[in-house]
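Asker: All the letters of the sequence shown, read from the start, carry residue numbers 29 to 633 under the numbering used here.
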Amino acid sequence: MGEKSFSLQDSLPSLTVPSIDETMDRYLASATVLLSLEETTTTRKSVEEFRRSKHVEFMQRALEERSRRERNWLEEWWYDAYLEMRLPLVPFTSLASINPAGQRTSKREVQTLTAAESIHHMMRIWQRTRKEQIPIMKSRGTVWDMKQNYVLFNSNRTPAKPADRMDRYFKTEAEGSCPSHVIVLCRGAIWKVEMELEGKIRSPDDTVRILRHIEHESPRVTHSPITLTTMDRDNWTEARDELIQVCKENEENLRRVEEAAFVVTLSEDICPSEEEALKYGMMGRSEGAWVDKCMNIIVMADSQILTQGEHSNIDAIVMLDAGNQMGQAMRKGEWTLDKSNWKSDIPERLNFQLTSSLVTKINYADSKFEKLKHTFRAKVVRFTGYGNDKLKSMKIYTDTVVQIALQLGYFRVHGRFGPIYETASTRKFYHGRTETVRGLTKEMKEFGEAVRNGKEEKEQVELFKKAYDAHNKLMADATNGRGVDRHLYGLRKSLHALNSGRKCQPKLPLPSLYKDEGWRRSGGDGNFYLSTSFIGYAEGVYGYVCAMREDGYGTFYLTQKNQILLTITDYVGTKSELDAYGREIEWALNHLGNLIPVMTSTSKL
């Protein structure tokens with residue numbers, strides 16, 4: 029047997045704190061790309077004040093002291109950034125995906141077969157995680173942190189004021205017992221299904237028996253408490269407290285849902301198109317997912333499989349990878365049931381007692397949900413001109429090519445550049461998650477303008493090479509914890525901590541840098557027009573998180589062997605143009621595909 033899944037955690041390096049000077053150098057390079065000369069002068073002044081500020085020195089010292097006490101100084105603060113948000117989780121922070129393992133069929137009875145296979149094989153992953161048999165993730169020989177695999181199951185974002193809390197109930201076998209049931213939702217009814225029997229995961233065949241019982245015994249619930257989870261976090265906090273106050277049974281039922289390994293929904297609906305399926309995964313019916321749970325697997329009436337995830341707890345790539353493992357293991361379509369190993373137990377229905385006040389809240393939540401679900405769009409772009417295999421053979425990073433294409437596509441649609449956020453993994457550090465790559469560089473801007481102005485191929489190739497190299501340097505720095513945004517966020521949190529301790533003393537002011545036009549224009553405070561992330565190489569699950577800005581785009585992509593699959597999103601009724609953006613991404617990828625052979629033949633990368 030190889031190394032246990034979590035055996036190398038203690039060997040990982042602690043997350044480092046960059047120096048003020050290096051972060052300011054990176055910030056200035058990013059912040060001034062879109063500014064006028066006058067605005068650049070103002071931003072440079074705010075940066076120099078930041079470098080010299082005694083207050084900033086105090087903030088940096090406090091952050092460095094925290095890094096000596098905690099192996100990852102950012103970890104809890106990063107959870108705070110999510111948990112303090114008061115908006116509904118859907119569509120603003122959750123992630124949604126399509127799993128191609130769910131082969132669509134007109135045979136209605138196949139739904140329970142597909143759901144049973146999904147539950148069984150996801151529980152097998154749960155069990156392997158319990159036994160610490162999940163292979164340790166490594167990138168080019170470097171060990172990656174495995175905490176996100178640990179928190180994938182039995183996790184719940186529980187509403188609270190002024191910030192939610194993350195409740196986790198998973199344990200490895202070495203740590204002790206943990207809940208081994210799943211929650212099944214059907215027509216608004218909520219069922220508890222025990223999935224580990226005498227140390228073994230319930231068979232798919234017996235799980236079909238359980239699901240058929242649930243289908244048969246689940247008349248539509250007119251007012252389901254599931255709907256309350258879609259509310260903004262303050263209203264859901266109040267509704268949850270009210271549920272608990274009604275009776276002890278409600279409190280116990282909430283605990284059972286929140287402790288469950290994950291949630292599965294048997295949907296009565298069918299999504300005719302891929303775009304509708306993507307939207308349904310995020311916001312189908314208000315009683316279609318318990319949105320606080322880390323993982324909701326939704327099996328449609330035609331056996332299509334969708335997944336909704338709670339993003340504050342994990343990053344998308346971990347959940348998508350679990351979905352791919354599940355999909356590879358499960359039987360597809362129709363298969364013959366083996367009834368010889370059927371058990372005799374039945375699932376437990378969780379019945380909630382509702383007051384008239386809670387019924388009113390459910391009606392209100394459903395009405396808000398129905399309005400919100402029409403505010404965003406999602407679609408897939410499949411670029412088949414080339415894929416990872418071709419670019420890898422030319423020693424070209426596909427991710428960098430995609431990032432340049434996204435910016436070029438945006439530029440062609442809107443006639444201007446916008447700040448772009450790309451996720452860089454910092455999992456080489458203890459409990460590391462992500463850093464931001466601020467991909468809009470002066471090199472990228474110069475290349476984009478050369479393309480727009482129809483400059484000669486030689487000049488475009490030279491500028492493309494500079495933009496390519498600049499992006500690779502930013503990505504390398506970010507994966508080593510040398511970005512801009514996490515450090516500046518940490519300094520801001522340090523300021524808050526310092527001021528909280530100054531009971532009778534004047535509060536330290538927020539440095540002018542955080543109020544400067546350059547901060548906002550370069551993406552600060554959630555103002556990135558392009559929110560993007562590479563989500564893997566597999567020919568499998570694909571999905572998205574909605575755009576960061578109301579008038580921006582979300583773009584999440586797989587770099588597959590022979591194609592690049594991108595899921596793009598925007599909000600309806602804003603300045604964004606989703607269809608045009610998708611077309612221009614394809615144009616840009618084609619254009620770069622023409623430049624890359626020239627670049628590789630004339631320069632040594």
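Heads up, the beta-carbon is just placed ideally off N, CA and C, and yes, glycines get one too.
So is I211 buried or exposed if we call it buried at 16+ other beta carbons inside 10 Å?
Answerer: So I211 counts as buried.
Asker: Could you check if H244 is buried or exposed, using at least 16 other CB atoms within 10 Å of its CB as the buried criterion?
Answerer: Classification for H244: exposed.
Asker: Check whether the Cβ atoms of G387 and S58 sit closer than 9 angstroms, and answer yes or no.
Answerer: According to the sequence shown, residue 387 is Val rather than Gly. Taking 9 angstroms as the Cβ cut-off, V387 and S58 do not qualify as a contacting pair.
Asker: Would you check if the region 179-196 and the region 55-74 touch, i.e. whether three or more CB-CB distances between them fall below 8 angstroms?
Answerer: Too few Cβ pairs lie closer than 8 angstroms, so no.
Asker: Leaving out five residues before and five after S550 in sequence, what residues of the same chain have Cβ atoms less than 6 angstroms from its Cβ?
Answerer: Same-chain partners within the cutoff: S58, A59 and P447.
Asker: For the beta strand (DSSP E) containing Y458, list its first residue and its last residue.
Answerer: No beta strand (DSSP E) holds Y458; DSSP gives it neither H nor E.
Asker: Who are the Cβ neighbours of S287 in its own chain at under 7 angstroms, not counting the five residues just before and after it?
Answerer: The question names Ser, yet the displayed sequence has Glu at residue 287. Here the set comprises N182, Y197 and P207.
Asker: In this structure, does DSSP put M194 in helix, strand or coil?
Answerer: Residue state, collapsed to three classes: strand.
Asker: Considering only the alpha carbon of each residue, which of D544, G413 and L348 lies closest to M150?
Answerer: Taking only the C-alpha atoms, the option nearest M150 is L348.
Asker: Quick check on L633: does DSSP put it in helix, strand or coil?
Answerer: With a pLDDT of 45 at L633, under the threshold of 50, the modelled position of this residue cannot be trusted; read the value that follows with caution. Of the three classes helix, strand and coil, the one that applies to L633 here is coil, per DSSP.
Asker: Tell me where the beta strand (DSSP E) around D598 begins and ends.
Answerer: Taken as a continuous stretch (DSSP letters only), the beta strand (DSSP E) holding D598 covers I592 to Y599.
Asker: Hey, quick one: how far does the alpha helix (DSSP H) through N391 stretch, first residue to last?
Answerer: Residues S384 to L400.
Asker: According to DSSP, which residues form a beta bridge with G482?
Answerer: Note: G482 sits in no beta bridge, so no partner.
Asker: Ends of the alpha helix (DSSP H) at V118?
Answerer: First-last of the alpha helix (DSSP H) with V118: L117 to F120.
Asker: Can you look up E224 in the DSSP assignment and give me helix, strand or coil?
Answerer: In the structure shown, E224 sits in a strand (DSSP, three-state: E or B).
Asker: State the Cα-Cα distance for the pair R136 and N618, rounded to the nearest angstrom.
Answerer: So the alpha carbons of these two residues sit roughly 42 angstroms apart.
Asker: Within 10 angstroms of the Cβ of E66, are there 16 or more other Cβ atoms? Answer buried if so, exposed if not.
Answerer: Looking at its Cβ environment, which holds fewer than 16 other Cβ atoms inside 10 Å, E66 is exposed.
Asker: Quick check on L633: buried or exposed, where buried means 16 or more other Cβ atoms within 10 Å of its Cβ?
Answerer: Low per-residue confidence applies at L633: pLDDT is 45, beneath 50, and the placement is therefore not dependable, though the value from the model is reported in the following sentence. Burial call: exposed.
Asker: If you check the beta carbons only, do G227 and R248 fall under 9 angstroms apart?
Answerer: Against a cut-off of 9 angstroms, the Cβ pair of R248 and G227 comes out as no contact.
Asker: Specify, as a first and last residue, the run of the alpha helix (DSSP H) that A344 falls within.
Answerer: Its alpha helix (DSSP H) spans residues A344 to A357.
Asker: Please look up how many angstroms separate the CB atoms of E376 and A329, rounded, as I've assumed it's under 8 angstroms.
Answerer: Incorrect: roughly 24 angstroms between the Cβ atoms, too far for contact.
Asker: Pull up the distance between the alpha-carbon of G169 and that of T364, whole angstroms please.
Answerer: Each residue's Cα considered, the two are about 43 angstroms apart.
Asker: Kindly provide the ranges of any alpha helix (DSSP H) runs that are 4 or more residues long and lie completely inside the region 222-281, ordered along the chain.
Answerer: For the region 222-281, whole alpha helix (DSSP H) runs of length 4 or above, ordered along the chain, are 232-244 and 261-274.
Asker: Just to confirm before moving on: does the CB-CB distance between V346 and A317 stay below 9 angstroms?
Answerer: Their beta carbons are not under 9 angstroms apart, which means V346 does not touch A317 by this criterion.
Asker: Within this structure, are the beta carbons of L56 and M174 separated by less than 9 angstroms?
Answerer: No, the Cβ-Cβ distance between L56 and M174 is not below 9 angstroms.
Asker: Closer than 6 angstroms by C-beta to V408: which residues in its own chain qualify, once you throw out the five before and the five after it? Chain order, please.
Answerer: Once the five neighbours on either side are set aside, the close Cβ partners of V408 are E302 and T595.
Asker: Which residue wins for smallest C-alpha separation from L334, given the options G413, G355 and W105?
Answerer: Comparing Cα positions, the closest option is G355.
Asker: Along the chain, where does the alpha helix (DSSP H) that runs through N527 open and close?
Answerer: Element bounds for N527: D513 to S528.
Asker: Please classify S421 as buried or exposed, where buried requires at least 16 other C-beta atoms within 10 Å of its C-beta.
Answerer: Result: exposed.
Asker: Which residues mark the beginning and the end of the beta strand (DSSP E) in which G337 is found?
Answerer: Run containing G337: I333 to G337, per the beta strand (DSSP E) assignment.
Asker: So that I know if they touch, is there some Cβ in chain D lying closer than 9 angstroms to that of M52?
Answerer: Structure shown: chain D not included; a single protein chain is present.
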